[in-house]
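See below for the structure under consideration.
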Amino acid sequence: MAPIKECSTIAEKSHGETDDVTTSGIGYSNLTLQPEDSIFRLFGEFMADSSPDAINLSIGAYRGNDGKPWVLPVVKKAKEILLRDPQANHEYLPLEGLTSFNEAAAKLILGENSPAILEKRYAAVQTVSGTGANRIAAEFFAKFRPSATVYITNPTWGNHKKIFMAAGLPIIEYEYWNPKTRSINHAQVLATLKTALPGSIFLLHACAHNPTGLDPTHRQWQEIADIMESRNLNPFFDCAYQGFASGDLDTDAWAVRYFVVRGFNVICAQSFSKNFGLYAERTGCLVGIFGDEEVARMAKSQFAYLLRCSISHAPGFGANIVDIVFKNEALVREWKENLKEMSTRISQMREKVVQLLVELKTPGDWSHITSQIGMFSYTGLTMPQVAAIKMKFHVYMTDEGRASMAGLNEKNVENFAKAVDWVVRNA
Amino acid sequence: MSTSATNRTLAISQHLSGNATAVSVFEAVENLPLDPIFALSAAYVADADSNKINLGIGAYRDNDGKPWVLPVVRQVEQSLLNDKSLNHEYLAIDGLRTFTDASAKMILGSESIAVKEKRFLGVQQISGTGAVRLGSDFLFKINKNATVYISDPTWGNHLQIFGDSGFTVKTYKYWNAATRGLAFDEFLESLKNAPLGSIFVLHACAHNPTGVDPTHEQWKQIAAVIKERKHFPFFDCAYQGFASGSLAQDAWAVRYFVESGFEIFVAQSYSKNFGLYSERCGCLTVVTSTEQQAINVRSQLCRLNRSSISNPPAYGARIVNAVLNDPTLFTEWEENLRTMAHRIIKMRSECVRHLTDLKTPGSWDHITSQIGMFSYTGLTKAQVKVIKEKFHVYMTDNGRISMAGLNEGNVKRFAEAVDYVVRNA
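Chains W and Y, in that order, are what the protein sequence lines are. Quick note, in this note's numbering, the first sequence goes up one by one and the last residue is 427. Quick note, in this note's numbering, the second sequence goes up one by one and the last residue is 852.
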């Protein structure tokens, strides 16, 4: 089946590095061409690939079994409700964004009976999806903890480093992925925690770690929390997959909630890109937990200031959609079904891949593909293998071997497994 | 450093060094006062008086005092909903290309030399705020020692945006309180005295908050000094079409600069002219000297976008995109624009008519010579306070009113309130 190609979302191909051109104007003469963001470049390559068997496993966006983007049925319903509403308009929101959305988003991640909610010691503001939430948090840290180091896993989402560097924060990367065992290097995680200076900030993935798909067990989270508590380390959670990872909202929120109950002043960035399929509408929330209601209020005013001088306020449409769903029990139930459909399809693809690789007797242990969770699998393929699988089999994944499982479906999973088998043996 | 600031810093360092007696790192977090515009709005909402008039926020209102979703916008929203081929997949980092191309051409003119020579680009951002911020961050990267000059007065957020990027921000004289017009000579003086290569933030049309725009002749003189002093013109364009009702007329200054050979930035907002305030639709349009520079600049702006928003929101951009690229919808939009612009112009003349009838002391012609959403009435802070407390008329402390808040039902009452405070407060 020919892959569906959406032309409206391609970033232009880079024209390559260029010589400086002198000008008497603003000073563009020293300006060089910024290389294109690698994910978007890879996507561009896929779009340019004319092979009918091309498989796109690069961008982290959900695809149905037909290989097409999937607008959630509950989102379609919410859009109709929104458009039919005679009171609806496009008036400015407050700086914090849509208030009812923020409250619902906070309850979603924290649980409505969270001590932070009951004691009103949280601040929630609407952001430009997860990226925007990360950036506002980074700017907030830069302002109030200017000498704190931010610890990020190696590997992590490609944009984390860029965001925190843009805010001017020092970064230390620590090993998270053990390539030999294809599992979390938990000993290294704990060792890093033990050497971090008090006051350091640890960027943690709430669930479905991007790109490895490997999450700590509850027990491992406890060990992490123990050290963080004794050494005064601060947790910053990035939560892009609540509900999308396991299919269950509470399961995916366990780590964040645990840290809150343990008494940490958690800061959490939430994205609704994947779990609502609202990618382009940039729907997100930044939730901060503080010692008391008063500090939370002050922190919120600081968040609002950072929003004011960057975006004024976040876009209304996506937040309105989510808000409509959250206000309606039947729609919430439908949303949960849509979530289960997405996460189940992905788990089935994981199982199928492993089953096929076992049948092919592909060298190596592939069980990590089923023990990993969420959108991505860190396949363990090497860079040469990734290059070969692209050249020979038109399978697109990032250089580090990260494959978006959502790109697999019943029609292409066999070809994928055969391609993996070939490159493992030959490249 | 003050004692309290010293204490806070000590608290933070104690915390960071592990001498944690549970001193909160947020000890240093001060409560920021509510943004004044939003605070004014909150006060208005809380006011129970049935005759209250909101002249605070700069959002268009119809003659019933209600928000107005443009008919062309409603129509397009319905089409988008019905379009089965659409989804919510990520846009490119620089946004929807057909939108940004059309947006850039709308301000520059499709016959612009910059367009013909392909030395322009548009990058989608979070409305005007985001476009200004993106431009500011970029300029800071390539020239952090430049001084940014913003008009005195200007939109309240300019100082915050450029300041937060890291720039030293100064002002250039703009408003002449005595004439209630442009302080033109002082404006030119500021241009001449600013260090070579400064960044000047110019309002493309409908200056916010004064409503006073330079004449064409004045713009020519301004441009001449900018050229001489090698300053960089950064236009903020939030009202194209909304100001006069004519897209071309409102773009005159920007186009003049481009035809004169300048490299410029224009931060474009679709909040007012499309009534899409909350959908945050904007574009940073750039004119460079060469085609390659445009390519280079685009790539650098993409890098900045990636670490702030990743990619911009689709909904508002799709609406504007549909209209700008369809002749029938475009014509309908121009009618909607004229509806808004003309209603405001009418309110200006009604206001002056009533003040004249009342023989209110002072000259009030500035209200009709000013253009766009706002008028700098010239009311003093004391008068603003009384007009709020006695007449429940809400405007910002600087005497700025949003003309869109006036309508046939309240304009006479407004004039009477002004008359009272001018005579008594």
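Backbone N, C-alpha and C define an ideal beta-carbon position, used for all residues, glycine too. All figures in this text were calculated on a predicted structure; none of them were measured in a lab.
Residue i versus residue j: straight-line alpha-carbon distance, rounded
| i | j | result |
| --- | --- | --- |
| Asp-323/W | Pro-73/W | 15 Å |
| Asp-252/W | Gly-583/Y | 42 Å |
| Cys-664/Y | Val-413/W | 51 Å |
| Ser-506/Y | Trp-760/Y | 15 Å |
| His-394/W | Glu-45/W | 10 Å |
| Tyr-258/W | Ala-116/W | 12 Å |
| Thr-500/Y | Asn-232/W | Here residue 500/Y is Val; the residue named in the question, Thr, does not match the sequence. Their backbone Cα atoms lie some 52 Å apart in a straight line. |
| Leu-118/W | Asn-265/W | 15 Å |
| Arg-182/W | Gly-743/Y | 43 Å |
| Ile-475/W | Asn-514/Y | One cannot answer for residue 475/W here, as it falls past the ends of chain W, which runs 1 to 427. |
| Ile-814/Y | Ile-484/Y | 17 Å |
| Gly-445/Y | Gln-242/W | Bear in mind that the predicted position of Gly-445/Y carries a pLDDT of just 40, short of 50, making it unreliable; the figure below should be weighed with that in mind. Going from the Cα of Gly-445/Y to the Cα of Gln-242/W covers about 33 Å. |
| Ile-152/W | Glu-80/W | 41 Å |
| Ala-486/Y | Leu-95/W | 15 Å |
| Asn-635/Y | Leu-203/W | 41 Å |
| Asp-489/Y | Pro-754/Y | 26 Å |
| Phe-101/W | Gln-372/W | 31 Å |
| Lys-619/Y | Leu-629/Y | 15 Å |
| Phe-565/Y | Ser-129/W | 22 Å |
| Gly-638/Y | Ala-61/W | 46 Å |
| Lys-336/W | Gly-111/W | 16 Å |
| Glu-718/Y | Glu-690/Y | 12 Å |
| Gly-562/Y | Phe-661/Y | 8 Å |
| Ser-448/W | Glu-351/W | Nothing can be reported for residue 448/W, as the shown portion of chain W is limited to 1 through 427. |
| Arg-41/W | Met-47/W | 10 Å |
| Gln-797/Y | Leu-249/W | 55 Å |
Assigned secondary structure, residue i (DSSP; H/G/I helix, E/B strand, else coil)
| i | result |
| --- | --- |
| Ile-321/W | helix |
| Tyr-683/Y | helix |
| Lys-479/Y | coil |
| Phe-662/Y | strand |
| Gly-522/Y | strand |
| His-585/Y | helix |
| Pro-235/W | strand |
| Ala-88/W | coil |
| Ile-373/W | coil |
| Cys-708/Y | strand |
| Phe-465/Y | helix |
| Thr-823/Y | coil |
| Asp-365/W | coil |
| Thr-127/W | strand |
| Ala-403/W | strand |
| Pro-602/Y | Sequence check: residue 602/Y is Trp here, not Pro. Strand, per DSSP. |
| Gly-743/Y | helix |
| Asp-579/Y | strand |
| Ile-39/W | helix |
| Val-358/W | helix |
| Tyr-258/W | helix |
| Gly-97/W | coil |
| Thr-829/Y | Sequence inspection shows Ser at residue 829/Y; the Thr mentioned does not correspond to that position. Residue state, collapsed to three classes: strand. |
| Ile-553/Y | strand |
Requested in this report: Let me know the beta strand (DSSP E) ranges lying completely inside the region 132–189 of chain W, each 3 residues or longer, listed in chain order.
Outcome: 150–154, 171–175
Query raised in the report: Name the residues in the region 270–284 of chain W whose C-beta lies less than 9 Å from a C-beta of chain Y; which are they?
Result: Those residues of the region 270–284 of chain W that come within reach of chain Y (Cβ to Cβ, closer than 9 Å) are Ser-273, Phe-276, Gly-277, Leu-278, Tyr-279, Ala-280, Glu-281, Arg-282, Thr-283.
Requested in this report: Mind the definition here: the region 825–836 of chain Y touches the region 771–788 of chain Y only if three or more C-beta pairs lie below 8 Å; say whether that holds.
Outcome: yes
Query raised in the report: Does the pairing of the region 157–168 of chain W with the region 715–735 of chain Y give three or more beta-carbon distances under 8 Å?
Result: yes
Report task. Mind the definition here: the region 323–334 of chain W touches the region 384–400 of chain W only if three or more C-beta pairs lie below 8 Å; say whether that holds. Result -> no
Query raised in the report: For the region 614–664 of chain Y, which segments carrying the beta strand (DSSP E) assignment without a break, of at least 3 residues, lie completely within its bounds, in sequence order?
Result: For the region 614–664 of chain Y, whole beta strand (DSSP E) runs of length 3 or above, ordered along the chain, are 626–630, 659–664.
Requested in this report: Identify every run of the alpha helix (DSSP H) within the region 261–323 of chain W, keeping only runs that are complete inside it and at least 4 residues long; order them along the chain.
Outcome: 293–308
Query - Segment contact flag, the region 638–651 of chain Y with the region 488–500 of chain Y, C-beta cutoff 8 Å, min 3 pairs - result: Between the region 638–651 of chain Y and the region 488–500 of chain Y, the count of Cβ pairs shorter than 8 Å is below three; the stretches do not touch.
Query raised in the report: the region 777–801 of chain Y: which residues have C-beta closer than 7 Å to a C-beta of chain W, in chain order?
Result: none
Query raised in the report: Does the count of Cβ pairs from the region 567–577 of chain Y and the region 749–768 of chain Y closer than 8 Å reach three?
Result: Result no; under three Cβ-Cβ pairs closer than 8 Å.
Query raised in the report: Are the region 709–727 of chain Y and the region 548–560 of chain Y touching by the rule of at least three beta carbon pairs closer than 8 Å?
Result: yes
Query raised in the report: Is the number of C-beta pairs between the region 553–561 of chain Y and the region 698–712 of chain Y that are closer than 8 Å three or more?
Result: yes
Requested in this report: Can you give me, in chain order, the residues of the region 491–508 of chain Y that have a beta carbon less than 7 Å from any beta carbon in chain W?
Outcome: Contact annotation: in the region 491–508 of chain Y, residues whose CB is within less than 7 Å of a CB in chain W are Pro-494, Val-496, Glu-504, Gln-505, Leu-508.
Requested in this report: Taking only beta carbons into account, state which residues of the region 152–176 of chain W come closer than 8 Å to chain Y, listed in chain order.
Outcome: Asn-159, Lys-162, Ile-163, Met-165, Ala-166
Report task. Using a Cβ-Cβ cut-off of less than 7 Å, give me the residues of the region 53–74 of chain W that come near chain Y, in sequence order. Result -> Ala-61, Pro-69, Val-71
Query - Residues of the region 228–256 of chain W with Cβ closer than 9 Å to any Cβ of chain Y, in chain order - result: Within the region 228–256 of chain W, the residues whose Cβ lies closer than 9 Å to some Cβ of chain Y are Arg-231, Asn-232, Asn-234, listed in chain order.
Query raised in the report: Going along the region 84–97 of chain W in order, which residues come within less than 7 Å of chain Y, judged by CB to CB distance?
Result: Asn-89, His-90, Glu-91, Tyr-92, Leu-93, Pro-94, Leu-95
Report task. Please name the residues in the region 556–574 of chain Y whose beta-carbon is closer than 7 Å to at least one beta-carbon of chain W, in chain order. Result -> Thr-556, Gly-557, Arg-560, Ile-569, Asn-570
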